[in-house]
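I have placed the structure first, in the form of structure tokens, so that the comments after it can refer back to it.
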Amino acid sequence: MADSHATKTPAASPPRGRSRPASNAPSLAADVRVRLMGAPDLAAYKALRDLMLAAHPEAYTSDAETELRRPPETYLVRVAGAADGGWPFTFTAWCGEWMCGAITCERDERVKVRHIAHIVGMMVHPDARGRGTGRALLDACIDLARRRRGTELLTLSVTSGGAEAIRLYEGAGFVRYGRLERAIRIGTRYHHKDLMALRLETAT
Ligand SMILES: CC(C)(COP(=O)(O)OP(=O)(O)OC[C@H]1O[C@@H](n2cnc3c(N)ncnc32)[C@H](O)[C@@H]1OP(=O)(O)O)[C@@H](O)C(=O)NCCC(=O)NCCS
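What follows is the structure in structure tokens.
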């Protein structure tokens with residue numbers, strides 16, 4: 123699913139008016155490309171992330187106000203393992219000229235837990251949804267994690283009641299193994315998090 127198209131500067135605003143196709147097939151729309159993120163993409167990544175954190179506060183643990191103050195280069199850590207076969211790595215989706223989605227996979231380097239990787243920061247711009255973008259990002263992430271030597275388990279947390287995201291993860295084989303009640307608090311409201319995991323075949 124991943125490819126190596128050249129990095130492009132994102133347009134100021136995405137094309138509008140896209141809707142979920144009638145078909146249930148999760149195949150990726152023809153004009154969407156998924157590839158690993160590199161350092162030149164960090165400004166576009168920050169723009170997308172800031173937009174998503176503000177639009178969906180309940181879906182993410184980071185808060186929009188704090189993250190807005192972060193310079194783009196602080197996200198360099200999210201591409202650290204892309205080139206050298208390590209961790210973390212981030213896949214991005216491109217709808218023509220603009221970055222319309224992203225997902226990051228990271229790993230705790232401590233010896234006893236380095237067989238487990240974690241998916242964070244799944245996001246698809248509202249105008250790019252329902253076209254297979256999220257599934258393509260997730261598949262690319264699972265595929266590369268599987269090829270990183272020694273990875274046996276992928277985990278993630280998703281806000282309970284986030285139907286689109288939960289269906290997406292279940293569709294890829296993730297199974298809920300627990301729930302953290304009151305995992306995040308936004309003002310006076312609490313949201314629970316479903317904890318999900320996917321077993322990977324052990325690489326030989
Ligand atoms: C969740 C999200 C990433 C899905 O992205 P997407 O590009 O729309 O997903 P896809 O088009 O690839 O759809 C993949 C699967 O997700 C589920 N899904 C997507 N949109 C859905 C909808 N509107 N209703 C129900 N299920 C939906 C389905 O299972 C779908 O598979 P199908 O097409 O075979 O039915 C996106 O909606 C998003 O970014 N939401 C806001 C932030 C968020 O919740 N992030 C997750 C944090 S853990």
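Residue 123 is where the sequence shown starts when you use the working numbering, and the numbers rise one by one after that. For every residue, glycine included, the Cβ atom is placed at its ideal position computed from N, Cα and C.
Within 7 Å, strictly: CB atoms of residue 319 and residue 275 = Within the sequence shown, numbered from 1, the residue matching residue 319 stands at position 197. Within the sequence shown, numbered from 1, the residue matching residue 275 stands at position 153. Closer than 7 Å, so yes.
Are residue 193 and residue 165 closer than 7 Å when you measure CB to CB?
-> Here residue 193 refers to the residue found at position 71 of the sequence shown. Here residue 165 refers to the residue found at position 43 of the sequence shown. No, the Cβ-Cβ distance between residue 193 and residue 165 is not below 7 Å.
Using the Cα positions of residue 76 and residue 175, report the straight-line distance between them to the nearest angstrom.
-> No information on residue 76 is available, as it lies outside the stretch 123 to 326 that the chain covers here.
Backbone CA spacing between residue 302 and residue 316 [nearest angstrom] | The sequence position of residue 302 within the sequence shown is 180, counting from 1. The sequence position of residue 316 within the sequence shown is 194, counting from 1. Whole-angstrom Cα-Cα distance: 6 Å.
Terminal residues of the alpha helix (DSSP H) in which residue 177 lies | Here residue 177 is taken as the residue at index 55 of the sequence shown, counted from 1. From DSSP, the alpha helix (DSSP H) with residue 177 extends over 164-177.
First through last residue of the beta strand (DSSP E) which encompasses residue 311 | Taking the sequence shown and counting its residues from 1, the one referred to as residue 311 is at position 189. Start and end: 311-321.
Range of the contiguous beta strand (DSSP E) that encloses residue 200 = For the purposes of this step, residue 200 is taken as residue 78 along the sequence shown, with counting starting at 1. Premise fails: residue 200 is in no beta strand (DSSP E) and is neither H nor E.
Would you report the Cα separation of residue 124 and residue 262, rounded to the nearest angstrom?
-> Position 2 of the sequence shown, counted from the first residue, corresponds to residue 124. Position 140 of the sequence shown, counted from the first residue, corresponds to residue 262. Bear in mind that the predicted position of residue 124 carries a pLDDT of just 39, short of 50, making it unreliable; the figure below should be weighed with that in mind. Going by C-alpha positions, residue 124 is about 6 Å away from residue 262.
Using the rule of at least 16 other Cβ atoms within 10 Å of the residue's Cβ for burial, across every protein chain shown, is residue 171 buried or exposed?
-> The residue you call residue 171 lines up with position 49 of the sequence shown. It counts as buried.
As assigned by DSSP and simplified to three states, the class of residue 150 = As a working mapping, residue 150 is identified with position 28 in the sequence shown. In the structure shown, residue 150 sits in coil (DSSP, three-state: anything other than H, G, I, E or B).
Among 254, 210, 222, nearest to residue 238 - alpha-carbon criterion = Within the sequence shown, residue 238 is the residue found at index 116, counting from 1. From the listed residues 254, 210, 222, the smallest Cα separation to residue 238 is found for 210.
Cα-Cα separation, residue 190 to residue 183 | Here residue 190 refers to the residue found at position 68 of the sequence shown. Here residue 183 refers to the residue found at position 61 of the sequence shown. In a straight line, the C-alpha of residue 190 is about 14 Å away from that of residue 183.
Selected residue, minimal CA-CA separation from residue 207, among 216, 188, 229 | By 1-based counting over the sequence shown, the position of residue 207 is 85. Nearest C-alpha to residue 207: 229.
8 Å CB neighbourhood of residue 257 in its chain, flanking five on each side removed = On the sequence shown, position 135 is the one that residue 257 refers to. Within its own chain, the residues whose Cβ lies closer than 8 Å to the Cβ of residue 257, once the five positions on either side in sequence are excluded, are 148, 150, 290, 293, 294, listed in chain order.
Between residue 321 and residue 227, what straight-line distance do the alpha-carbon atoms span, to the nearest angstrom?
-> For the purposes of this step, residue 321 is identified with residue 199 of the sequence shown, where counting begins at 1. For the purposes of this step, residue 227 is identified with residue 105 of the sequence shown, where counting begins at 1. As the crow flies, the alpha-carbon of residue 321 is around 15 Å from that of residue 227.
Return yes when the C-beta of residue 181 is under 6 Å from any heavy atom of ligand 1, and no when it is not.
-> Position 59 of the sequence shown, counted from the start, is the residue given in the question as residue 181. Correct: residue 181 has its Cβ closer than 6 Å to ligand 1.
Cα-Cα separation, residue 197 to residue 163 = Locating residue 197 in the sequence shown gives position 75, where the first residue counts as 1. Locating residue 163 in the sequence shown gives position 41, where the first residue counts as 1. Those two C-alpha atoms are separated by around 10 Å.
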